[in-house]
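Notes follow once the structure below has been shown.
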Amino acid sequence: MEKFFKFSKFFEVVKVGYLCNYTPKEIIHSAGFLPFRVFATDKPIERASAFIQSYSCSQARGALECALQDDFFAFVFTRSCDTLMRLTDIFEFVGKRVHNIEFPTKIGNVEYYVKELKDFVKVLESWGGEVSFERLMESLKLYRELEEKLKKLFSISPDYETAIKVQQIDVRSAIKLVDEKLKFAKKEEKPKVLITGSVCPYIKVYDLFKEAGFSLKDDICTGSRFFEFSYPEFEPKDLESALRYIAEKYFYRAPCPTKHYPGDGRFNYVLKLAEDCDAVVFLLVKFCEPHFFDYPQLKEKLEKMGKKVALIELEFPVVSLEQIRTRIEALKEVIE
Amino acid sequence: MRKLQSSERMRELMAGYYMQGHQAEFNAWITSGAPVELLYAMDIYPVYPENHGALIGATKLGSYYSDFAERNGFSRDLCSYARCDLGCVFAGTSPIGGLPKPTFLFACNNICNTVVKWYEVLSRIFKVPLFILDTPFIRKELKESHLRYVEEQLYDFIKFSEKITGRELEERRLKEVISKSIEGVSLYSQCLLTARNKPSPMNCFDAFVNMAPIVCLRGTEHAVNFYIDMKKELEERIKNGISAIEKEEIRLLWDNIPVWYRLRWLGEFFESKNACLVADTYTNAWTGFGELKSTDIISSMAEVYTLSYLNIGMDRTAEIINRLIDLYDVDGVVMHSNRSCKPYSFGQYEIQKKLSVPTVIIEADMVDERIFSEAQVVTRLEAFLEML
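Chains as they are written, first to last, in this note's numbering: chain A, 1 to 336; chain B, 337 to 724.
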């Protein structure tokens, strides 16, 4: 395996797959691997159904399908939902090299998570990677640059194709790609819709909103939640403080419903995002419990704010785009 | 099936337990895997929405109450315990007249992350504080950092409940409760172990029906007394050669939460095939709480509750099931692929390949009877039993 690693490293494509946005990709990158976010693809789910039940979400089944067909060196699972928690073992069962990071469900205890990250560094080293303070700082800098540029791009005109692409290429190439996109980005004055939900790697779905005459703002795991962070204010001085920096960066990022935030942080975040929007669309993947539990009460609060709300349930691969188009067009008519 | 007399006593005991809840000064809604001992030690009455969900399932009212939640926007794909519980809150009643309004909520995610979301919803409805006891998932090794993380939270929880109730947790009282908890779990385990006898004096349906005291009354004299009597009854049965079913030819193990609305039907089906489900992974999960120590209570609590059956990796789960297979000398395993419980069900396809005896998987749901397809289940089980 080490031979494979050295060979692949020459071409800089030692892919370490990850599924959850809370995965500290900076550490993976600094160790010399390519952090590669795994999504469901356009291909039908065939082999994965032999390993996990049909009532698992299609993102989980799609990612497993992808893992069974692709050449990943390893996979990193970060604790989020119950499905991912079990998926780690299933990946290992089908012969994949895996590691699970126990990201706390309850946001608060940084000390504990720093220890978990230290253990993760050791795992990466056991996989043949090398993590040093200097390299980690370089990765932190690069990812921050990418995140800030994506933020800028999205503030002008959200580009989901780019947001998804950058999660599967090297961070330096990703920065170049966003720079290119920034050159041509134009702001559009159209009714604005907030889309909120879990993952949606299907660009066509976003296109449907644009085609219906909406401009977009999002709280989507494959969109803004990839790059919305509150950065800690201290400057790391050594490896341990750099890990603490990462722990805090990920604790206080755009919140996900798989985490428990004090003071109902997740709801307040979405309500704030919705303030300048004309409507809100919940774009939820079927069987995604964390999002579906939030939906009724969050919807009620949004409606109290005077927002029009719609729910679109997705399953990957998306086979009925026209149905989704009808829903979006109906929403547009209601607003008008 | 030969009904245990203890089951009748259990009903009376639990009726008393539910009645008490409406009179308690403070009560906390708590998840089934949370350390209830802390509540009893502070005289805070524990209310179990999951047990309530099971009761609704057993009365075949799962879809009826779930419908109230679904009409309020909660998806039919969510856990049916949660849907039923929320449905009862919206309906303002339940088969037992509804649960008392909580003083606060206490959820531990050592059984699933669903409870975190479910209790967040409850917290918004009742506008009461929620404490989440966050246990890391122990896929491989239990690390010192995991234990310290949970231990710190247990101390936080004590402060949290002391602040709300104005009561102080007394060490002496906690020790008493822990000692009762250990005693109760030990007696409960001995009851389950009587099923090692051939033929078995009880089956898993008896265990399901009589597990409520170990869940809800763990740490009290009531649970201890109940299982003393149940053990006596089971030992009497062994002495007198009375078995759970008429003719025990095949011994089986059940995996996952019961199909509550089909307990009797499943019991009769297996009996008609001379098959006895002598043990199950669900009720056995509570035997692990017997590892609590009466010294160094909080750190032992952190360890025991972090290592709960649903909070461990697949290798360990398969090891435990194989141990149960040997212990109860079973010929096969019936796995309930439970649409409502992802952490219990995902991984079953892999676990079955690690087990030492043949297995069958049936698709159902613990409470929502709309999911159950009788013909499909019969076909699968009949083929499996013939093969055995």
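Ideal Cβ positions, reconstructed from N, Cα and C, are used throughout, including at glycine.
Listed by position along chain A, the residues whose Cβ is nearer than 8 Å to that of M346/B form an empty set, because the closest Cβ is around 31 Å away. By the criterion of a C-beta distance shorter than 8 Å, R266/A is surrounded in its chain by P255, C256, P257, K259 and D294, once the five residues flanking it on both sides are discounted.
Residues are counted here when their Cβ sits less than 7 Å from a Cβ of chain A; for the segment 674-695 of chain B these are R675, K678, P679, S681, F682, G683, Y685 and E686, given in chain order. The CB of G649/B comes closer than 7 Å to the CB of D89 in chain A, given here in chain order.
In this structure, DSSP gives V285/A an extended state, which the three-state scheme calls strand.
When C-beta atoms of the segment 557-566 of chain B are compared with those of the segment 675-684 of chain B, fewer than three pairs fall below 8 Å, so the two segments do not count as touching.
M671/B is bridged by DSSP to D591/B and I697/B. No residue range can be given for K259/A, since it is assigned to no alpha helix (DSSP H) and is classified by DSSP as neither H nor E.
The beta carbon of F133/A lies closer than 7 Å to those of D238, L239 and A242 in the same chain, with the five residues before and after it left out. Within the segment 119-146 of chain A, contact with chain B at the beta-carbon level (separation under 8 Å) is assigned to D119.
Listed along the chain, the chain B residues whose CB falls inside 8 Å of the CB of Y250/A amount to none; the nearest CB is some 15 Å away. Put simply, the CB of E456/B is near chain A, with a gap under 9 Å to one of its CB atoms. Cβ proximity to chain A below 8 Å picks out G409, F410, S411, D413, L414, C415 and A418 from the segment 409-436 of chain B. If the five residues before and after R79/A are omitted, its C-beta is found closer than 6 Å to the C-beta atoms of E102 and F103, all from its own chain and listed in chain order.
The C-alpha of P436/B is placed about 43 Å away from the C-alpha of D665/B. Counting C-beta atoms within 10 angstroms of its own C-beta, F120/A has 16 or more neighbours from the protein chains shown and is therefore classed as buried. Every beta strand (DSSP E) of 3 residues or more that sits fully in the segment 589-637 of chain B is shown, in chain order, as 611-616.
The segment 351-369 of chain B makes contact with the segment 439-451 of chain B; the number of CB pairs closer than 8 Å reaches 3 or more.
Listed along chain A is no residue with a C-beta nearer than 8 Å to that of V670/B; the closest approach is about 16 Å. Contact of C552/B with chain A by beta-carbon distance below 8 Å is absent, the smallest such distance being about 24 Å.
Listed in chain order, the positions of the segment 480-500 of chain B with a beta carbon within less than 9 Å of a beta carbon of chain A are E480, S481, H482, R484, Y485, E488 and Q489. Sequence-distant partners of I518/B (beyond 5 residues in either direction) whose C-beta falls short of 8 Å from its own C-beta, in its chain, are G626, L628 and S630.
At least one CB atom of chain A sits nearer than 9 Å to the CB of T450/B. Across the segment 70-86 of chain A, CB contacts with chain B closer than 7 Å involve R79, C81, D82, T83, M85 and R86, in sequence order along the chain. When the beta-carbon positions are compared, M650/B and R86/A come within less than 9 Å of each other. Rounded to the nearest angstrom, the gap between the Cα atoms of E329/A and F282/A is 15 Å.
Between the alpha carbons of F209/A and Y160/A lies a gap of roughly 12 Å. For I468/B, the enclosing beta strand (DSSP E) stretches over residues L466 to L469. The alpha carbon of E504/B has as its nearest neighbour, out of D379/B, M337/B and L349/B, the alpha carbon of D379/B. Under the three-state reduction of DSSP, S681/B is assigned to helix. By the Cβ-count criterion, K217/A is buried, with 16 or more other Cβ atoms from all chains shown falling within 10 Å of its own Cβ. S132/A carries a coil assignment under DSSP once its states are collapsed to helix, strand and coil. In the DSSP annotation of this structure, the continuous segment of the alpha helix (DSSP H) that includes N561/B starts and ends at E557 to K575.
Chain B places a beta carbon closer than 9 Å to that of H260/A, counting this residue as a contact. In the three-state reduction of the DSSP assignment, R79/A falls in the coil class, being assigned neither a helical nor a strand state.
For P236/A, the closest of L140/A, V110/A and V171/A by C-alpha to C-alpha distance is L140/A.
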